[in-house]
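Novice:
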Amino acid sequence: MQWKLEAEIEGLRRLTAAVCSSTSALFAWKHENQGSDGWVPGGYIDSILMERLPGSMPLLGLGKKNKEERTELRKALKVAWLYIVDWEDWRESTEKDIWRDTHYIPWNPAWVQSHNYEDMSTWEL
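Residues in the sequence shown are numbered from 1 upward in steps of one, following UniProt numbering.
1. Spell out a yes or no on whether the segment 6-25 and the segment 36-45 are touching, meaning 3 or more CB-CB pairs, one atom from each, closer than 8 Å.
2. From this set, S21, T23, E32, S22, which residue's C-alpha is nearest S5's C-alpha?
3. So what's H31 in DSSP terms, helix, strand or just coil?
4. Alpha carbons only, please: which of I45, E124, M50 is nearest the one belonging to I105?
5. Just the C-alpha distance for S21 and R52, rounded to the nearest angstrom, thanks.
6. Which residues bound the beta strand (DSSP E) around I48?
7. Considering only residues of the same chain and omitting the five flanking positions on each side of L12, which have a CB-CB separation below 6 Å?
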């Protein structure tokens with residue numbers, strides 16, 4: 001796992017050095033090994049301090065948006081998710097790397113009150 005963090009940090013360093021306007025600048029990072037009293041004894045904790053980009057988070061206040069705006073945000077999230085899955089090269093993609101409507105739930109453009117994750121008609125969209 002450490003090599004993944006190092007690759008991420010190197011990518012962020014290069015983007016910051018190039019003054020990339022579409023990603024946050026990397027300010028600092030730290031790798032610490034946990035002692036025997038840590039949450040994961042013998043494990044590690046990695047921290048990354050990055051610039052906060054201006055603007056708003058489109059998924060905050062989503063419930064206040066009209067149905068058309070929420071639908072557009074869901075479409076954009078799906079496009080972005082599929083793009084990211086397509087270019088991530090740290091592992092080979094598998095048949096499990098497909099779009100599922102349940103991907104909306106952790107990003108908040110859909111809420112499931114009934115715990116029925118299989119039937120999207122019961123979701124609040």
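By construction, the Cβ of each residue, glycine as well, lies at the ideal position given by its N, Cα and C atoms.
As the structure is a computational prediction, the values presented were derived from the model and not from experiment.
Specialist: According to the structure data:
1. no
2. The sequence given here places Leu at residue 5; Ser does not occur at that position. When only C-alpha atoms are compared, the closest one is E32.
3. strand
4. E124
5. 12 Å
6. 44-50
7. L26
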